[in-house]
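Protein chains: 2
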Amino acid sequence: MAGKTAETRARILEAAMGLFRRQGFEETTMREIAAEAEVANGAAYYYFDSKDAIVLAFYDQAQKELAPLLDSALAGAKNLKDRLAALLGVKLRYFEPNRRLLGALAAHADPGHPLSPFSAQTREIRERDIEFFGRALSGSRVRIAPDLKPYLPRILWTYQMGVLLFWIYDRSAGQRRTRKLIERSASLVASLVKSAGFPLLRPVRKLVVELMETITEPS
Amino acid sequence: MAGKTAETRARILEAAMGLFRRQGFEETTMREIAAEAEVANGAAYYYFDSKDAIVLAFYDQAQKELAPLLDSALAGAKNLKDRLAALLGVKLRYFEPNRRLLGALAAHADPGHPLSPFSAQTREIRERDIEFFGRALSGSRVRIAPDLKPYLPRILWTYQMGVLLFWIYDRSAGQRRTRKLIERSASLVASLVKSAGFPLLRPVRKLVVELMETITEPS
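And the structure:
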């Protein structure tokens with residue numbers, strides 16, 4: 001993108017995010033976004049054909065800005081529990097200013113909705129995010145059972161989505177409860193991943209694999 | 001409730017549910033509900049002060065009508081996997097006509113929203129539903145680790161909510177994918193409950209208990 005074009009697009013995105021935060025996603029119109037960004041309505045629509053497209057651009061920008069932060073988080077933690085907690089900590093700090101906006105967007109769990117974390121439109125962002133969980137595993141000292149290996153990053157990513165949902169609705173001061181949840185759930189998840197390698201649990205692993213095949217098969 | 005009063009209330013509830021199914025929850029007004037039930041607006045508001053109150057009455061009625069069906073489902077299944085699958089099967093059959101409505105309501109995961117399955121307003125219905133999972137466990141032949149026992153019914157109920165969410169957004173013909181999901185996930189969950197009793201997994205159980213304490217503590 002040429003300089004001016006990229007700059008205008010960024011200005012519209014920033015103006016929109018500010019309005020979404022201050023007055024809510026549903027309550028904001030494309031007209032207000034254009035006015036706030038000081039561009040013509042037509043210009044705003046030239047860059048983003050809808051508010052949904054703006055949110056997708058925000059997801060995309062978040063993914064790019066988060067990547068180096070997640071890299072350092074992983075570089076600074078050795079064992080699996082700390083690596084998981086570090087990834088989650090980075091996410092929460094990054095999204096903190098937009099926590100309420102994410103609350104409004106959390107209504108879209110339906111994979112058929114473009115803004116859903118499970119949609120076709122967010123697939124690329126999702127797959128790149130899942131890779132970080134693959135690296136959380138591969139860089140730890142835990143031996144992963146080979147049969148589970150292809151599925152484990154996605155399972156850990158789903159665990160992350162559960163934590164984010166808890167956080168979005170966490171009304172405790174400074175989301176203290178979510179900190180505790182991360183601390184304890186990361187311990188549990190790391191411990192489950194390790195235990196999953198026990199020979200005794202081979203039949204359970206087989207059931208996990210079959211379940212994941214059912215969930216991830218095309219509908 | 002006296003005969004006529006109960007009958008009017010039931011008529012309003014039935015009219016509302018019909019409209020919610022045909023034209024959508026958001027799109028339906030209290031005025032339309034009153035007209036459909038052939039009562040005055042004031043009368044409709046006398047029984048239900050909002051559409052949310054109507055949905056809560058529907059949840060409550062569902063709980064009552066489901067109870068004997070869940071009883072027979074449990075009476076007809078011995079092992080834990082079959083007992084879980086039977087409970088889920090009854091729920092899906094019962095809610096089938098209102099699957100789309102539940103999709104609209106699924107947007108309210110926020111425990112602060114009255115219609116959320118995690119809200120204060122739905123607590124009584126939730127606790128009664130959790131009891132069925134307690135009975136699914138106690139009537140099976142699985143030996144439950146005593147430390148996990150107080151938490152397992154709630155964990156199984158949460159598993160049920162995940163399956164219901166999958167079903168709500170399942171676009172496969174006749175929700176074929178959900179049938180497969182239930183079959184496989186019920187096997188996995190039953191197998192996990194059994195394995196949880198292994199002495200080797202005592203430390204993992206301790207982490208589950210700590211996590212459940214975090215999640216269920218008052219905020």
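As they're listed, the protein sequences go chains S and F.
The first sequence lines up with residues 1 to 219 when you count with my numbering.
The second sequence lines up with residues 1 to 219 when you count with my numbering.
Note that CB positions come from ideal geometry on N, CA and C, so glycine has one too.
(request) Compare the C-beta of E224 of chain F with all C-beta atoms of chain S and state if any pair is closer than 8 angstroms. (result) The structure shown does not extend to residue 224 of chain F, since chain F is modelled only from 1 to 219, so the question has no answer here.
(message) Let me see if you follow: with CB-CB separation under 8 angstroms, is R64 of chain S close to chain F or not?
(response) For the purposes of this step, residue 64 of chain S is taken as residue 64 along the first sequence, with counting starting at 1. Reading off the sequence, residue 64 of chain S comes out as Lys, not Arg. So no, K64 of chain S is outside the interface.
(request) Name, please, each residue of chain F whose Cβ falls closer than 9 angstroms to the Cβ of L56 of chain S. (result) Here the question's residue 56 of chain S lines up with position 56 in the first sequence. Near L56 of chain S there are no residues of chain F at all, since even the closest Cβ is about 19 angstroms away, more than 9 angstroms.
(request) Please confirm if the stretch 87-102 of chain F is in contact with the stretch 191-202 of chain F, defined as three or more CB-CB distances below 8 angstroms between the two stretches. (result) no
(message) If the criterion is Cβ atoms closer than 8 angstroms, does the pair T122 of chain F and R184 of chain S meet it?
(response) Along the second sequence, one-based indexing puts residue 122 of chain F at 122. Along the first sequence, one-based indexing puts residue 184 of chain S at 184. No, they are not a contact pair.
(request) Grab me the residues of K110 of chain S's own chain with a C-beta within less than 7 angstroms of its C-beta, minus the 5 sequence neighbours each way, in chain order. (result) Working through the first sequence from its first residue, we reach residue 110 of chain S at position 110. Note that residue 110 of chain S corresponds to Asp in the displayed sequence, not to Lys. Hits under 7 angstroms: S116.
(request) State the DSSP-derived secondary structure class of N41 of chain S, mapped to helix, strand or coil. (result) Translated into positions along the first sequence, residue 41 of chain S becomes position 41. Three-state DSSP puts N41 of chain S in a helix.
(request) Let me know if L200 of chain S comes out buried or exposed under the rule of 16 or more other beta-carbons within 10 Å of its beta-carbon. (result) One-based indexing of the first sequence puts residue 200 of chain S at position 200. L200 of chain S comes out exposed.
(request) Could you spell out the range, first to last residue, of the alpha helix (DSSP H) harbouring I130 of chain S? (result) Indexing the first sequence from 1 puts residue 130 of chain S at position 130. Counting along the chain, the alpha helix (DSSP H) containing I130 of chain S begins and ends at R123 to S138.
(message) Taking only three categories from DSSP, how would you classify E187 of chain S?
(response) Locating residue 187 of chain S in the first sequence gives position 187, counting from the first residue. Reading off the sequence shown, one finds Ser at residue 187 of chain S, where the question assumed Glu. Correct three-state label for S187 of chain S: helix.
(message) In whole angstroms, give me the CA-to-CA distance for I125 of chain S and F132 of chain S.
(response) Taking the first residue of the first sequence as 1, we reach residue 125 of chain S at position 125. Taking the first residue of the first sequence as 1, we reach residue 132 of chain S at position 132. If I take the Cα positions, the gap works out to 11 angstroms.
(message) Residues of the stretch 3-34 of chain F in Cβ contact with chain S at a cutoff of 8 angstroms, in chain order, please.
(response) none
(request) Following the continuous alpha helix (DSSP H) through D82 of chain F, name the residue where it begins and the one where it ends. (result) Along the second sequence, read from residue 1 onward, the residue named residue 82 of chain F stands at position 82. Its alpha helix (DSSP H) spans residues L80 to F95.
(request) Please check if any C-beta of chain F sits within less than 8 angstroms of the C-beta of P146 of chain S. (result) Here residue 146 of chain S refers to the residue found at position 146 when the first sequence is read from its first residue. No, its Cβ sits nowhere closer than 8 angstroms to a Cβ of chain F.
(message) Please report whether the beta-carbon of V227 of chain F lies at a distance below 8 angstroms from any beta-carbon of chain S.
(response) With chain F represented from 1 up to 219, any question about residue 227 of chain F goes unanswered, as that position is not in the structure.
(message) Check this for me: beta carbons of T158 of chain S and D170 of chain S, under 8 angstroms apart or not?
(response) Counted from its first residue, the first sequence places residue 158 of chain S at position 158. Counted from its first residue, the first sequence places residue 170 of chain S at position 170. In this structure, D170 of chain S does not lie closer than 8 angstroms to T158 of chain S by Cβ.
(request) State buried or exposed for T5 of chain S, treating a residue as buried only when at least 16 other CB atoms are found within 10 Å of its CB. (result) In the first sequence, the residue the question calls residue 5 of chain S occupies position 5. Exposed.
(message) Closer than 8 angstroms between beta carbons: that is the criterion. Which residues of the stretch 183-209 of chain S meet it against chain F?
(response) R184, S185, S187, L188, S191, L192, S195, F198, L200, L201, P203, V204, L207 and V208
(request) Kindly indicate which three-state DSSP category Y46 of chain F falls into: helix, strand or coil? (result) Your numbering for residue 46 of chain F matches position 46 in the second sequence. Y46 of chain F: helix per DSSP, three-state reduction.
(request) For the stretch 154-173 of chain S, enumerate the residues whose C-beta is nearer than 9 angstroms to any C-beta of chain F, in chain order. (result) L165, F166, I168, Y169, D170, R171 and S172
(message) Rounded to whole angstroms, what is the Cα-Cα separation between G3 of chain S and L13 of chain S?
(response) Numbered from its first residue, the first sequence carries residue 3 of chain S at position 3. Numbered from its first residue, the first sequence carries residue 13 of chain S at position 13. When rounded, the distance between both Cα atoms is 15 angstroms.
(message) Tell me the rounded alpha-carbon separation between A37 of chain S and V55 of chain F.
(response) As a first step, residue 37 of chain S must be located in the first sequence, where it is residue number 37. As a first step, residue 55 of chain F must be located in the second sequence, where it is residue number 55. If I take the Cα positions, the gap works out to 41 angstroms.
(request) Going by CA-CA distance only, name the one from F:A40, F:Q61, F:M212 and F:A136 that's closest to M17 of chain F. (result) Working through the second sequence from its first residue, we reach residue 17 of chain F at position 17. For M17 of chain F, the nearest C-alpha among the options comes from F:Q61.
(message) Let me check you understand the geometry: is the CB of D71 of chain F closer than 7 angstroms to at least one non-hydrogen atom of the ligand FAD?
(response) Within the structure as shown, the ligand FAD is missing, as the structure has no ligands at all.
(message) Only counting the same chain, and skipping five residues up and downstream in sequence, which positions put a Cβ closer than 8 angstroms to that of R135 of chain F?
(response) Position 135 of the second sequence, counted from the first residue, corresponds to residue 135 of chain F. Result list for R135 of chain F: L74, in chain order.
(request) Determine the chain F residues that contact T214 of chain S at a beta-carbon separation under 9 angstroms, and present them in chain order. (result) One-based indexing of the first sequence puts residue 214 of chain S at position 214. Chain F residues near T214 of chain S: R177, K180, L181, E183, R184 and S185.
(request) Using a threshold of 8 angstroms, state whether the C-beta atoms of A235 of chain F and G76 of chain F are closer than that. (result) Absent from the model: residue 235 of chain F. The displayed extent of chain F is 1 to 219, so no value can be given.
(request) Note the first and the last residue of the continuous alpha helix (DSSP H) segment covering Q175 of chain F. (result) Mapped onto the second sequence, residue 175 of chain F falls at position 175. Taken as a continuous stretch (DSSP letters only), Q175 of chain F belongs to no alpha helix (DSSP H), as it is neither H nor E.
(request) Taking 8 angstroms as the cut-off, decide whether the C-beta atoms of K81 of chain S and A186 of chain S are in contact. (result) Within the first sequence, residue 81 of chain S is the residue found at index 81, counting from 1. Within the first sequence, residue 186 of chain S is the residue found at index 186, counting from 1. Cβ atoms of K81 of chain S and A186 of chain S: closer than 8 angstroms.
(request) Report, in whole angstroms, the separation of the C-beta atoms of L188 of chain S and L211 of chain F, which I expect to be a contact under 8 angstroms. (result) In the first sequence, counting from the first residue as 1, residue 188 of chain S sits at position 188. In the second sequence, counting from the first residue as 1, residue 211 of chain F sits at position 211. Confirmed, about 5 angstroms.
(request) Grab me the residues of F20 of chain S's own chain with a C-beta within less than 7 angstroms of its C-beta, minus the 5 sequence neighbours each way, in chain order. (result) Position 20 of the first sequence, counting from 1, holds the residue named residue 20 of chain S. So the list reads T28 and L101, once near-sequence residues are dropped.
(message) For R83 of chain F and R31 of chain F, what's the separation of their Cα atoms in angstroms?
(response) Indexing the second sequence from 1 puts residue 83 of chain F at position 83. Indexing the second sequence from 1 puts residue 31 of chain F at position 31. Rounded to the nearest angstrom, the two C-alpha atoms are 43 angstroms apart.
(message) Need the endpoints of the alpha helix (DSSP H) that P68 of chain F sits in, please.
(response) Along the second sequence, one-based indexing puts residue 68 of chain F at 68. Unbroken alpha helix (DSSP H) run through P68 of chain F: K51 to A75.
(message) Output needed in chain order: residues of the stretch 109-120 of chain F with a Cβ under 8 angstroms from some Cβ in chain S.
(response) A109, D110, P111 and G112
(message) In the DSSP assignment, the alpha helix (DSSP H) including L148 of chain F goes from what residue to what residue?
(response) Counting from 1 along the second sequence, the entry for residue 148 of chain F is found at position 148. That residue, L148 of chain F, is in no alpha helix (DSSP H); it is neither H nor E in DSSP.
(request) Below 8 angstroms on the Cβ atoms is my guess for V209 of chain F versus D147 of chain F; work out the distance and round it to an integer in Å. (result) Taking the second sequence and counting its residues from 1, the one referred to as residue 209 of chain F is at position 209. Taking the second sequence and counting its residues from 1, the one referred to as residue 147 of chain F is at position 147. At roughly 6 angstroms, the Cβ-Cβ gap stays under 8 angstroms, so V209 of chain F and D147 of chain F are in contact.
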